[in-house]
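Here is the structure we will look at, set down as structure tokens.
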Amino acid sequence: MNFRPRLIPVTAVALIGLTACGGSDDTTATDDSSRTVMTSIYPLDFITTSVAADHLDVVSLTPSGVDPHDVELSPQTIGDVQSSDLVIYSADLQTAIDEAVEQQASDHSVDVNGAADLISTGAEHDHDHGDGHEEEHEDEGDSDEVDPHWWLDPARMADVTQMVSDELSEIDPDNAADYESNAAALIAELDTLDGDFEAGLANCEQEDLVTTHAAFGYLAENYGFHQIGVTGISPEAEPSPARLAEVTTIVEDAGVDTIYSEVILGSDIADTIANETGATVLTLDPLEGLTDASAGSDYLEVMRSNLDALAEGQHCS
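Here this note's numbering is used: the first residue of the sequence shown is -6, the next is one more, and so on.
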């Protein structure tokens, strides 16, 4: 499958300065509104803060530097979810947030997964070992499981941006024109980002993309790579020795010379395989959150750092 939603064309849009967002510490309530919008993960925080500008108080439920899969909510935060004006979340990614929304915000929440158009990005990997026998490797965690990491596709980010704009306009119609304008500006930026990825990754020597966990399925599908995640879609489980040995064999057989680690998860898993194969370790950020170690201050900057890493590691020209 190689499905890609098309970006909404934007014409005659004056781009505004997009606000970098890092959760509740970076956003404050403003004079013209006391409305509070809560977001579940960093990409939604980035979109909502960019679209809302100074009209709303945007609060992230995932603290900076915390793996979003591990988020737990305090009683105070759960109370804030109940009293908020809107909760914007991506269902089936964070159990604690799903439960809080169901119990406290079922009447004032929106799940963006419909706009993101989630799909399964899992696939089997075949290798010809040069002896006439082709061996199949099932990537651990790859199956019919739906991939929740939609934000690594700029086109899906654009579709979710439009949805967020519509939702903000519904709770705050007085500022609807601003939300629409800000969303159009962000969509234009995402369109440019998508074009830069297509151009920068158009000619790459290495197709296999070996990552710490299988978070990059949409990116791989979009730009012509085959993802091999050491762990599955969720990074919570440590890979078994058998899985590490299997991926090491795949890396050696395919001539892969770059393994990608992640900022939040660290590089231990990637280092283990690299030490066995002589591969180089580079960082590819799944953008589940920002930290001081992130290679950029917002989504757009980190995605461009990802582009640079991919162009180097996959030997693109």
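Cβ coordinates follow ideal geometry from the N, Cα and C atoms, glycine included.
Computed from a prediction, not measured in an experiment: that's the story for all the values here.
Q) Does the distance from the CB of F209 to the CB of L283 come in under 9 angstroms? A) Taking the first residue of the sequence shown as 1, we reach residue 209 at position 216. Taking the first residue of the sequence shown as 1, we reach residue 283 at position 290. Against a cut-off of 9 angstroms, the Cβ pair of L283 and F209 comes out as no contact.
Q. What's the call for S310, buried or exposed, on a 16-neighbour Cβ count within 10 Å?
A. In the sequence shown, residue 310 corresponds to position 317, counting from 1. Taking all protein chains in view, the Cβ of S310 is surrounded by fewer than 16 other Cβ atoms within 10 Å, so the residue is classified as exposed.
**Q.** Per DSSP, the bridge partner or partners of Y82
**A.** As a first step, residue 82 must be located in the sequence shown, where it is residue number 89. Its beta-bridge partners are D104.
Q. Are the beta-carbon atoms of V153 and A108 separated by less than 9 angstroms?
A. For the purposes of this step, residue 153 is taken as the residue at position 160 of the sequence shown. For the purposes of this step, residue 108 is taken as the residue at position 115 of the sequence shown. Yes, these two residues count as a Cβ contact at 9 angstroms.
Q.
Under DSSP, the beta strand (DSSP E) around G222 begins and ends at which residues?
A. Within the sequence shown, the letter at position 229 stands for residue 222. Run containing G222: H219 to T224, per the beta strand (DSSP E) assignment.
Q) Apart from the five residues on each side of it in sequence, which residues of its chain come closer than 8 angstroms, Cβ to Cβ, to S77? A) What you label residue 77 is simply residue 84 of the sequence shown in a count that begins at 1. Only T29, V30, M31, V52, A98 and H101 meet the Cβ criterion.
Q.
Three Cβ pairs or more, each shorter than 8 angstroms: is that satisfied between the stretch 172 to 180 and the stretch 34 to 47?
A. Cβ pair count under 8 angstroms is three or more, so yes.
Q: Tell me whether the beta-carbon of D250 lies closer than 9 angstroms to the beta-carbon of G58.
A: Here residue 250 is taken as the residue at index 257 of the sequence shown, counted from 1. Here residue 58 is taken as the residue at index 65 of the sequence shown, counted from 1. No, they are not a contact pair.
Q: Classify I34 as helix, strand or coil using the three-state DSSP reduction.
A: Taking the first residue of the sequence shown as position 1, residue 34 is located at position 41. If DSSP states are grouped into helix, strand and coil, I34 belongs with coil.
Q: Quick one: using the 10 Å Cβ neighbour count with 16 as the cut-off for buried, is E127 buried or exposed?
A: The residue you call residue 127 lines up with position 134 of the sequence shown. With a pLDDT of 41 at E127, under the threshold of 50, the modelled position of this residue cannot be trusted; read the value that follows with caution. The residue in question, E127, is exposed, as its Cβ has fewer than 16 Cβ neighbours within 10 Å.
Q: Please report how far the alpha carbon of A7 lies from the alpha carbon of A267, in whole angstroms.
A: Position 14 of the sequence shown, counting from 1, holds the residue named residue 7. Position 274 of the sequence shown, counting from 1, holds the residue named residue 267. Here the model assigns A7 a pLDDT of 37, short of 50, so the residue's position is not dependable and the matter cannot be decided.
Q.
So, at 8 angstroms on beta carbons, what are the nonlocal neighbours of V295 in its own chain, with the 5 sequence-adjacent residues on each side left out?
A. Counted from its first residue, the sequence shown places residue 295 at position 302. The residues are D278, L280, L283, S287, A288 and G289.
Q) How many angstroms separate the CA atom of I40 from the CA atom of N106? A) Stepping through the sequence shown from its first residue, residue 40 is reached at position 47. Stepping through the sequence shown from its first residue, residue 106 is reached at position 113. Spanning the alpha carbons of I40 and N106 requires a straight line of approximately 14 angstroms.
(Q) With the cut-off set at 9 angstroms, would you say L300 and D184 are in Cβ contact? (A) As a working note, residue 300 is residue 307 in the sequence shown. As a working note, residue 184 is residue 191 in the sequence shown. No, these two residues do not count as a Cβ contact at 9 angstroms.
Q.
Our contact map puts V240 next to V223 with C-beta atoms below 8 angstroms; I'd like the distance itself, whole angstroms only.
A. One-based indexing of the sequence shown puts residue 240 at position 247. One-based indexing of the sequence shown puts residue 223 at position 230. About 5 angstroms separates the beta carbons of V240 and V223, which is inside the 8 angstroms limit, making them a contact pair.
Q) Just how far apart, CA to CA, sit A177 and I34? A) As a first step, residue 177 must be located in the sequence shown, where it is residue number 184. As a first step, residue 34 must be located in the sequence shown, where it is residue number 41. Inter-residue distance for A177 and I34 is about 21 angstroms (C-alpha atoms, whole angstroms).
(Q) Whole angstroms are fine: how far does the CA of G248 sit from the CA of G271? (A) Counted from its first residue, the sequence shown places residue 271 at position 278. Counted from its first residue, the sequence shown places residue 248 at position 255. Roughly 11 angstroms separates the two Cα atoms.
Q. What is the DSSP secondary structure of L389, reduced to helix, strand or coil?
A. It is not possible to answer for residue 389, since the shown part of the chain is limited to -6 through 310.
**Q.** D254 - containing beta strand (DSSP E), residue span
**A.** Within the sequence shown, numbered from 1, the residue matching residue 254 stands at position 261. It should be noted that the sequence gives Ser, not Asp, for residue 254. Where S254 is concerned, the enclosing beta strand (DSSP E) stretches over T251 to S254.
Q) What do you get for A235, buried or exposed, if any count of 16 or more other CB atoms within 10 angstroms of its CB means buried? A) In the sequence shown, residue 235 corresponds to position 242, counting from 1. Per the 10 Å Cβ criterion, exposed.
Q) Nearest CA to the CA of D92: which residue from S67, T273 and A213? A) Residue numbering aside, residue 92 sits at position 99 when the sequence shown is read from its first letter. The amino acid occupying residue 92 in the given sequence is Glu; Asp does not appear at that position. If we check each option's Cα against that of E92, S67 comes out closest.
Q: Let me know the alpha helix (DSSP H) ranges lying completely inside the stretch 162 to 200, each 4 residues or longer, listed in chain order.
A: Runs of the alpha helix (DSSP H) inside the stretch 162 to 200: 169 to 193.
Q. Looking at A304 and C197, is the spacing between their C-beta atoms short of 9 angstroms?
A. Residue mapping note: residue 197 aligns to position 204 of the sequence shown, counting from 1. Residue mapping note: residue 304 aligns to position 311 of the sequence shown, counting from 1. The answer is yes: Cβ separation under 9 angstroms.
Q. Hey, would you say E191 sits closer than 9 angstroms to H219, going by beta carbons?
A. Sequence index remark: in the sequence shown, residue 191 carries index 198 (1-based). Sequence index remark: in the sequence shown, residue 219 carries index 226 (1-based). When the beta-carbon positions are compared, E191 and H219 stay at least 9 angstroms from each other.
Q: Answer yes or no: does any C-beta atom of chain C fall closer than 9 angstroms to that of E163?
A: Absent from the structure: chain C. Only one protein chain is present.
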